[in-house]
Amino acid sequence: MSERQIRILTIDDEENIRDSFRLYLEDFDYQVIEAKNGREGLELFAREKPDLVLCDLRMPEIDGLEVLSRIREQSPDTPIIVVSGTGVIGDAIEAVRRGAWNYLLKPIQDLSTLQHAIDQALERTRLIRENRAYQEHLEEEVISRTEDLQKAMADLSKTHQQIKLSEARYRSIYENLQDVYFEILPGGEIREVSPSITQISDYHCEDLIGTSIWQFYPRRDDRERLLEELQIHGFVSDYEIHLRDKGGRIVTCSINARLLPAEDGRPTIICGTLRDISERKLAEAHIERLAYYDALTDLPNRRLLIDRLERDLARARRHKHFGAMLFLDLDRFKNINDSLGHQIGDELLKEVARRLTSDLRLEDTVSRLGGDEFIMLLADMGDEPSTAATQTQAKAEQIQTRLSKPYKVLGHDLHITPSIGVAIFPTDDDPNEDSNDILRHADTAMYRAKDDGRDAIRFFLPSMQAAADQRLEIEKDLRFALQRNELKLYFQPQVDQNGRLVGAETLLRWIHPKKGFISPADFIPVAEATGLILPIGLWVLEASCRQIRLWSDQGLSIQHLAVNVSPRQFRQPDFIRQVYHVIERTGVDANQLGLELTEGMVIDNINDTIDKMQALKQLRVELSIDDFGTGYSSLAYLKRLPLDILKIDQSFVRDIETDDGDAAIVETIISMAHHLDLKVIAEGVETIFELDFLNQRGCEIYQGYYFSRPLPEKEFTCLLKSGQQLPLGES
Ligand code: C2E
Ligand code: MG
Ligand code: MG
1 MSERQIRILT IDDEENIRDS FRLYLEDFDY QVIEAKNGRE GLELFAREKP
51 DLVLCDLRMP EIDGLEVLSR IREQSPDTPI IVVSGTGVIG DAIEAVRRGA
101 WNYLLKPIQD LSTLQHAIDQ ALERTRLIRE NRAYQEHLEE EVISRTEDLQ
151 KAMADLSKTH QQIKLSEARY RSIYENLQDV YFEILPGGEI REVSPSITQI
201 SDYHCEDLIG TSIWQFYPRR DDRERLLEEL QIHGFVSDYE IHLRDKGGRI
251 VTCSINARLL PAEDGRPTII CGTLRDISER KLAEAHIERL AYYDALTDLP
301 NRRLLIDRLE RDLARARRHK HFGAMLFLDL DRFKNINDSL GHQIGDELLK
351 EVARRLTSDL RLEDTVSRLG GDEFIMLLAD MGDEPSTAAT QTQAKAEQIQ
401 TRLSKPYKVL GHDLHITPSI GVAIFPTDDD PNEDSNDILR HADTAMYRAK
451 DDGRDAIRFF LPSMQAAADQ RLEIEKDLRF ALQRNELKLY FQPQVDQNGR
501 LVGAETLLRW IHPKKGFISP ADFIPVAEAT GLILPIGLWV LEASCRQIRL
551 WSDQGLSIQH LAVNVSPRQF RQPDFIRQVY HVIERTGVDA NQLGLELTEG
601 MVIDNINDTI DKMQALKQLR VELSIDDFGT GYSSLAYLKR LPLDILKIDQ
651 SFVRDIETDD GDAAIVETII SMAHHLDLKV IAEGVETIFE LDFLNQRGCE
701 IYQGYYFSRP LPEKEFTCLL KSGQQLPLGE S
């Protein structure tokens, strides 16, 4: 494509100059248009739009300077070269000031000068145009970019607005959240906690950040379990914990949390939410109370009673012991209610509930079925039905006495008695017996008590009734046995490996005026249950010491006399003082006195036991554990006790010959005792075989029918006098 021809306008009033220019320029392929004066020149310029103008200055009508100015106005980029005959410098300056690009002086001797000026001017224009185009392009670009940028800015600002909005929204949620949001490090340091923590703990979040969460976490095992859960599962949900608030109150909280392992330079954190559920817990507890407790007396209701009864029944079957249910109905309660009104009736029932629950063992339950019917559930009353019956009878009597004491209710003096029905469970020959059966049995027994004239205690099973009746009689008579001098001491000799009499055990005997001889195995439990054991036990202790003194006054010194101590006796806070005073009063050498304790009573409250035993040791009293092997037999506690003697229970000795297991137990007890530096006494030695066996195993002292039965005082004194030797080789 050939370039467009360049058009040059020459404005000059001298024709020959115009011609010479044209001829010369056309040779160089320029198109030349001509104007003979300024006016024509301007017209042509406007119409033809030449690329360059050659203009004279001095012309008629409109002179060159004027033309120059006008063309510049119209097209500032079109180059104008002034070709003038005036050599006046002022003209030249004025022409350039008005926009002339070059100034040539006429006549032009060498036209190549013109040619050169034209080329230069055109090149400059081209550059200016290019520059302008480039400028324009740049400007467009800038505008377009600016528009893009503005749009982007607008978008950004919109997004920013949205982010701000959502941030505000989250912040508002975060700040008004009922739950507490938290972030902690596994070491417990609090990194973040939302303001609602104040409602739960009374602390402000600023005070908490950076401190350790564990200081508000009172239970160590609680927190270890939580961390373990998080480690194993990575999260916990609805996990219950207890926190301590600023005032020290424990707040139950539920947490949902997650363990976020370390990432991108961030450490491992635990984050989650926490909610105070104390109120919910209270509400639940309240609902539970409504569901399981009687609103008037706050005692367990029938539903909870059945639960406990089932638990007790299962336990009794598993451990082969017996429990008891007492069904209590208040005699003539309806009269009080009808004549004095419900308010008084209600108050009376509340007082009855209080009396029933005072002095209750932890494992027992008192329940109100409704109206004036109460149930007392007693766990573990003995290993035999008859023992359970006698024990329960004692307990029922206690309750009967307590409920029969006068009441003062809203200004009224009232008197009321209970009818009590008793069922001992489980019933031996009924494996299918369930809680309803037991309740029915106790109910039946209660009606029997009513039929028998009220204010009575009746057992459901005749056999239990018989045991209870017998016990009642024993109890009645035992109250007077001491005063009536019916109790006597017997002494059973203890001998060493050479058959030498080394001591004796005091055994109590009751010679009843009508029933004759009553075994301590039958009356000691009654004495224990009723508390009569306290005066009786003290009497045995004192009488034994007096006896020791009596013998030594006669020159018949006995090495030691052992006295049985019952649990209730030993548990008295002033037991040590009693022993001390008896020793003082009787003036015996405390060395000669021994006390027999049982495993069960020493294991119970071991620290108190150790204190008491140490005090007894200081008095120089000899201490033994009776019936060893039938209780807990724990070496661990034995080591801690200041003991002198272990007495192997006669049940093991009895079976040495027939039962390899028992023989092994006896062997073990002997070697264990020696290991602990204790002497061993074997009880109930009846045969030469038993004696040989024990002798070979290193047992030092024997007691049993093989040598002698328990003897009354006179006979034992004779034995002491007789040289203190018992037959070793024959029965
Ligand atoms: P315990 O302290 O284990 O007394 C040993 C029992 O075994 C005595 O029965 C004794 O007579 C009996 N016995 C002794 N040698 C033989 C034998 O070779 N064969 C057989 N089968 N039995 C033998 P007892 O006198 O009937 O006393 C029974 C339990 O009554 C005593 O057992 C003791 O726990 C308690 N007891 C006796 N007197 C008292 C006392 O004064 N106070 C207290 N708290 N309990 C006493
Ligand atoms: Mg004993
Ligand atoms: Mg014994």
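All residue numbers for the sequence shown refer to our numbering, where the first residue is 1 and numbers rise by one. No residue lacks a Cβ here, since even glycine has one placed at the ideal position from N, Cα and C. These figures come from a predicted structure and were not determined experimentally.
Nearest-angstrom Cβ-Cβ length linking residue i and residue j, presumed shorter than 8 Å
i: A423; j: I438; result: 5 Å
i: S194; j: C205; result: 7 Å
i: D383; j: H321; result: 5 Å
i: G594; j: L561; result: 7 Å
i: L349; j: L296; result: 6 Å
i: R18; j: E43; result: Wrong, their Cβ atoms sit about 16 Å apart, outside the cutoff.
i: L208; j: I197; result: 7 Å
i: L508; j: P520; result: 5 Å
i: R303; j: A291; result: 7 Å
i: D13; j: K36; result: 6 Å
i: L720; j: L711; result: With 8 Å as the limit, L720 and L711 do not qualify as a contact, their Cβ atoms being about 10 Å apart.
i: E657; j: F628; result: Not really, about 20 Å apart at Cβ, beyond 8 Å.
i: D25; j: I11; result: The residue you asked about is not Asp; residue 25 is Leu in the sequence shown. About 14 Å separates the two Cβ atoms, so there is no contact after all.
i: R549; j: V588; result: 5 Å
i: R568; j: L534; result: 7 Å
Sheet register partners of residue i (DSSP bridge)
i: T732; result: Residue 732 lies beyond the residue range present for the chain, which begins at 1 and ends at 731; the question has no answer from this structure.
i: T506; result: F491 and V563
i: K617; result: None, per the DSSP bridge assignment.
i: G516; result: H512
i: H412; result: V409
i: N256; result: T273
i: N102; result: I81
i: T365; result: L377
i: R244; result: I250
i: D236; result: Residue identity check: residue 236 is Val in the sequence provided, not Asp. Answer is A257, bridged to V236.
i: K679; result: I645
i: L711; result: F491
i: S624; result: E596 and I645
i: P418; result: L330
Within 8 Å, strictly: CB atoms of residue i and residue j
i: T586; j: E542; result: yes
i: L732; j: V366; result: The structure shown does not extend to residue 732, since the chain is modelled only from 1 through 731, so no value can be given for it.
i: L122; j: A100; result: no
i: D63; j: L57; result: yes
i: A379; j: G323; result: yes
i: E700; j: K679; result: yes
i: P218; j: I250; result: yes
i: I269; j: R220; result: no
i: W551; j: S557; result: yes
i: L356; j: I399; result: yes
i: Q559; j: Q703; result: no
i: L305; j: L377; result: yes
i: L597; j: V563; result: no
i: R454; j: Q465; result: no
i: L489; j: V540; result: yes
i: V732; j: F21; result: Here the chain has residues from 1 to 731 only, and residue 732 is not among them.
i: F652; j: I670; result: no
i: F216; j: M325; result: no
i: E66; j: G38; result: yes
i: D443; j: F327; result: yes
i: V88; j: L104; result: no
i: W510; j: L532; result: no
i: A467; j: A389; result: yes
Inter-stretch contact at 8 Å, needing at least 3 Cβ pairs: the stretch 493–503 / the stretch 469–485
As far as the Cβ criterion goes, the stretch 493–503 does not touch the stretch 469–485, which means the pair count is below three.
Can we say the stretch 612–626 touches the stretch 642–657, given the rule of at least three CB pairs closer than 8 Å?
yes
Chain-ordered list of residues that sit, by beta carbon, closer than 6 Å to a heavy atom of ligand 2:
E505, N564, E596 and D626
Under 8 Å, with one C-beta from each stretch per pair, do the stretch 699–709 and the stretch 666–686 reach the 3-pair mark?
yes
Three Cβ pairs or more, each shorter than 8 Å: is that satisfied between the stretch 109–125 and the stretch 71–83?
Inter-segment contact for the stretch 109–125 and the stretch 71–83 is present: three or more beta-carbon pairs are separated by less than 8 Å.
Using a Cβ distance threshold of 8 Å, determine whether the stretch 405–416 contacts the stretch 324–335, with at least three qualifying pairs required.
yes
So, does the stretch 175–189 touch the stretch 263–277, judging by three or more C-beta pairs under 8 Å?
yes
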